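At position 152 of the sequence shown (counting the first as 1) the number is 152 in full-length UniProt numbering, and the numbers step up by one without a gap.
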Amino acid sequence: PLVVQLTTAEHKDEVSRYIERARRQSEIERTTAERDKSGVFTGSYAINKLNGERVPIWIADYVLMSYGTGAVMAVPAHDERDFGFAKRFDISIKVVIAPPDWSGKELTEAYIEPGTMVNSSQFDGLPSEQGMAAISDFIAEKGYGGRQITYRIRDWLISRQRYWGAPIPIVYCDRCGLVPVPEAELPVLLPQDAEFRPTGESPLKYCDSFVNTTCPNCGDPARRETDTMDTFMCSSWYFLRYSSADYKDA
Ligand SMILES: [Zn+2]
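Here's what the structure looks like:
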């Protein structure tokens, strides 16, 4: 969203053409590691508060709005994608975490393992894990920013249109709408008399003894949900039973 403000007049046409192109691609296409990196310079720079240096701001389609804040501080020497990007666009690759036997030469690929901090002024010489913590503390002390956890978790569609799976315990009532099956009536079991016919739909849908039920709320005739849960719903916790093998009431 900040792209418009960040792009200088000189780079405006090129940036809008690039965004138009990126919009036509899927996230999977955009983030495949093997793919050739593409990007465009905005003409603007960010100031690195720690050393006062100017950092060029680029638009690149492998950075996703849905992942984190949509902006990243690239670290070309220590991230494979950033390395590829910097190589492609001739951006300087500054080593800040030295490999154990580093001779000071240019890297031929990103070094993503722990190492020793270099080119990092007062943090030089620290093991990189300690260095990260020390820099984070320093940034917080100075009031430049702070630590934040970002998630990339997404909604997961668990319903499946097939017989095998735990039935989703929901009842549809004309009067009450969507009614969850009360806990005392769980689990909803799969019917034994479902017929497997080549309808292209779940056999549960055609199994009257399963579909037809009464509303747990008002007692009127109602219909069961016929979608079942994705198998991962069950396989994610079934092993917990092994730790309660002597429990007889489950
Ligand atoms: Zn009802």
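Backbone N, C-alpha and C fix where the C-beta goes; we use that ideal spot for every residue, glycine too.
Note that the structure is a prediction, hence the values are computed from the model and not measured.
Start and end residues, beta strand (DSSP E) containing residue i
i, result
"Ser-26", "Where Ser-26 is concerned, there is no enclosing beta strand (DSSP E), given that its DSSP letter is neither H nor E."
"Val-179", "177 to 180"
Cβ pair residue i, residue j closer than 8 Å
i, j, result
"Trp-58", "Gly-39", "yes"
"Pro-216", "Val-171", "yes"
"Ala-60", "Pro-76", "no"
"Tyr-45", "Val-55", "yes"
"Gly-115", "Ile-93", "no"
"Thr-42", "Thr-69", "no"
"Gly-131", "Met-117", "yes"
Cβ neighbours of residue i in the same chain (closer than 8 Å, five flanking residues each side left out)
i, result
"Ile-135", "Leu-50, Ser-120, Phe-123"
"Asp-193", "Cys-207, Ser-209"
Chain-order list of residues whose beta-carbon lies under 7 Å from that of residue i (same chain, five-residue window excluded)
i, result
"Ile-158", "Met-229, Asp-230, Met-233"
"Val-72", "Val-63"
"Glu-10", "Gly-43"
Same chain, Cβ closer than 6 Å to residue i, neighbours up to 5 away in sequence not counted
i, result
"Val-79", "Per the sequence shown, residue 79 should be read as Asp rather than Val. Taken in chain order, the residues that qualify are Ala-110."
"Pro-182", "Pro-216"
"Phe-196", "Pro-203"
"residue 298", "Nothing about residue 298 can be read from this structure; the chain reaches only from 1 to 250."
"Pro-99", "Tyr-111, Gly-115"
"Ala-22", "Asp-61"
Taking one C-beta from the segment 224 to 232 and one from the segment 159 to 175 each time, how about it: are there three or more such pairs within less than 8 Å? Short answer: they touch.
Are the segment 142 to 159 and the segment 185 to 194 in contact at 8 Å, needing three or more beta carbon pairs? Fewer than three pairs of CB atoms, one per stretch, sit closer than 8 Å, so the segment 142 to 159 makes no contact with the segment 185 to 194.
Pair every Cβ in the segment 196 to 213 with every Cβ in the segment 134 to 148, then say whether three or more of these pairs are closer than 8 Å. no
Inside the UniProt domain "Aminoacyl-tRNA synthetase class Ia" (152 to 233) only - beta strand (DSSP E) runs reaching at least 3 residues: 170 to 173, 177 to 180, 212 to 214, 221 to 224
Considering only residues of the UniProt domain "Leucyl-tRNA synthetase editing" (2 to 138), which uninterrupted beta strand (DSSP E) runs meet the minimum length of 3 residues and lie entirely inside it, listed in chain order? 39 to 47, 54 to 60
On the three-pair Cβ rule with 8 Å, is the segment 230 to 244 touching the segment 173 to 180? no
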